[in-house]
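> Anchor point for the sequence shown: position 4 equals 4 in this note's numbering, and the numbering is continuous, going up by one each time. Where is the CB? At the ideal position from N, CA and C, for every residue including glycine.
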Amino acid sequence: DHPDTLVAMANLAVNYQDAGKFELALPLHEETLKLMKAKLGPNHPNTLHCMNSLALGYKAAGKLDLALPLYEETLKLRKAKLGPDHPDTLTSTNGLALVYQAAGKFDLALPLLEDNLKHTRSQFGSVHPNTLKCMNNLAKGYKDAGKLELAVPLYEETLKLAKSQLGADHKNTLLCMNNLAMAL
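1. Can you tell me whether DSSP reads asparagine 15 as helix, strand or coil?
2. Note down, one range per segment and in chain order, each alpha helix (DSSP H) of at least 4 residues found wholly within the region 134 to 169.
3. Give me the Cβ distance between aspartate 138 and leucine 159, rounded to the nearest whole Å; I'm assuming they're in contact under 8 angstroms.
4. Could you check if leucine 184 is buried or exposed, using at least 16 other CB atoms within 10 Å of its CB as the buried criterion?
5. Jot down the residue ranges of each uninterrupted alpha helix (DSSP H) in the region 77 to 118, minimum 4 residues, whole runs only, in chain order.
6. Do the region 80 to 87 and the region 50 to 60 meet, that is, are 3 or more Cβ pairs less than 8 angstroms apart?
7. Rounded to whole angstroms, how far is the Cβ of methionine 51 from the Cβ of histidine 44, which I believe are closer than 8 angstroms?
8. With distances taken Cα to Cα, identify the nearest neighbour of phenylalanine 124 among Leu110, Leu148, Leu26, Leu90.
9. How about proline 87 and lysine 39: are their beta carbons less than 8 angstroms apart?
10. Please classify glycine 95 as buried or exposed, where buried requires at least 16 other C-beta atoms within 10 Å of its C-beta.
11. For leucine 54, which residues of its own chain have a beta-carbon under 7 angstroms away from its beta-carbon, when the five flanking residues on both sides are left out?
12. Give me the Cα-Cα distance between lysine 186 and alanine 13, rounded to the nearest whole angstrom.
13. Cα separation between methionine 135 and leucine 117?
14. Is DSSP giving proline 3 helix, strand or coil here?
15. Give the single residue among Gly167, Glu149, Gly141, Pro153 whose Cα lies nearest to the Cα of glutamate 114.
16. Return the CA-CA distance between glutamine 101 and glutamate 72, expressed in angstroms with no decimal places.
17. Alanine 61 lies in the alpha helix (DSSP H); which residues open and close that run?
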């Protein structure tokens, strides 16, 4: 339960997750989170990071019923400890919104996505890659909710900014182009 061991365990779980080995990642995430809570406390930054990673793992494995309450708890704790503009809080806000979106709960997802974009812009500026990602996520949320009149202009703005900041051949610019085409 040494803190360095716990960080190594968390990193290994993330690597398993990235490799699609959820049968190895999720139990290791769960064990690591249990140990971190006991050793470091429930509000420690490493514990909160581990909670967020486990929630992301649950979502990636299609276990939205487990991801949703964990993201809600993580976001509540991060907001209280770090504030609404901290990058870790913004990550949790985005993650929770995407789980709501995947579950078809657009009435809950869209306000979070809108709020996340507002805070990300204030934290990083209008042309930062994180802001562009949030713009893209919100546009996708609008599209998935059937609000194309909001999605298309936001996709167009995101693409314009991505081209100017990242270049026409950047993978994120190409993703923006594809998303706009799908909305159109």
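This is what the structure holds:
1. Numbered from its first residue, the sequence shown carries residue 15 at position 15. Asparagine 15 falls in the helix class under three-state DSSP.
2. 148 to 166
3. Translated into the one-based positions of the sequence shown, residue 138 becomes position 138. Translated into the one-based positions of the sequence shown, residue 159 becomes position 159. Before going further, note that residue 138 is leucine rather than aspartate in the sequence given. About 14 angstroms separates the two Cβ atoms, so there is no contact after all.
4. For the purposes of this step, residue 184 is identified with residue 184 of the sequence shown, where counting begins at 1. Exposed: under 16 other Cβ atoms inside 10 Å.
5. 87 to 102
6. no
7. Sequence index remark: in the sequence shown, residue 51 carries index 51 (1-based). Sequence index remark: in the sequence shown, residue 44 carries index 44 (1-based). Actually they do not touch by this definition, with Cβ atoms about 10 angstroms apart.
8. Numbered from 1 along the sequence shown, position 124 holds the residue referred to as residue 124. Checked all of Leu110, Leu148, Leu26, Leu90; the closest Cα to phenylalanine 124 is Leu90.
9. Taking the first residue of the sequence shown as position 1, residue 87 is located at position 87. Taking the first residue of the sequence shown as position 1, residue 39 is located at position 39. Not closer than 8 angstroms, so no.
10. Here residue 95 corresponds to residue number 95 of the sequence shown, with the count starting at 1. That one is buried.
11. Position 54 of the sequence shown, counting from 1, holds the residue named residue 54. Excluding sequence neighbours, leucine 54 sits near His29, Glu30, Leu33, Leu70.
12. Any property of residue 186 remains undetermined from this structure, which presents the chain solely from 1 to 184.
13. What you label residue 135 is simply residue 135 of the sequence shown in a count that begins at 1. What you label residue 117 is simply residue 117 of the sequence shown in a count that begins at 1. Their Cα atoms are separated by approximately 6 angstroms.
14. Within the sequence shown, the letter at position 3 stands for residue 3. Looking at proline 3 - three-state DSSP - the assignment turns out to be helix.
15. On the sequence shown, residue 114 is found 114 positions in, with the first residue counted as 1. Glutamate 114 has its Cα closest to that of Gly141, out of Gly167, Glu149, Gly141, Pro153.
16. Along the sequence shown, one-based indexing puts residue 101 at 101. Along the sequence shown, one-based indexing puts residue 72 at 72. Each residue's alpha carbon lies about 14 angstroms from the other.
17. Within the sequence shown, numbered from 1, the residue matching residue 61 stands at position 61. That residue, alanine 61, is in no alpha helix (DSSP H); it is neither H nor E in DSSP.
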